[in-house]
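Novice: First residue of the sequence shown? That's 1 in this note's numbering, and the numbers climb one at a time after it. The structure is given below, and queries will be raised subsequently.
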Amino acid sequence: MSDALARLRRWEESGATWRVLVRTPESVEIALLTCDAGEEVDRLRSGDRAVLDHVAAREDAWERDA
């Protein structure tokens, strides 16, 4: 697992949320948000295919649940 994906997974496992700000076929920029107020506290930028796939899978699941 890449460092970027491990960081994003730890963020999710802690109960915090994230939002995609920019996505291209080659990279993604994600706002890391607090779990209580949804305030942005950091950003994650990555071109790692594992991160891109993880983000796409999560967004697909969220759309199905909506």
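Ideal Cβ placement from N, Cα and C applies to all residues, glycine included.
Can you tell me whether L8 is buried or exposed? The criterion is at least 16 other CB atoms within 10 Å of its CB, across all chains shown.
Specialist: By the C-beta density criterion, L8 is buried, having at least 16 other C-beta atoms within 10 angstroms.
Novice: Return the CA-CA distance between R49 and W18, expressed in angstroms with no decimal places.
Specialist: 18 Å
Novice: Measuring only the C-alpha atoms, how far is E13 from L44?
Specialist: 16 Å
Novice: When DSSP labels each residue in this structure, what does D42 get in the three-state scheme?
Specialist: strand
Novice: Looking at the unbroken alpha helix (DSSP H) that takes in E29, where does it start and where does it end?
Specialist: Looking at the DSSP string, E29 is not in any alpha helix (DSSP H); the run it does join, the beta strand (DSSP E), is V28 to L33.
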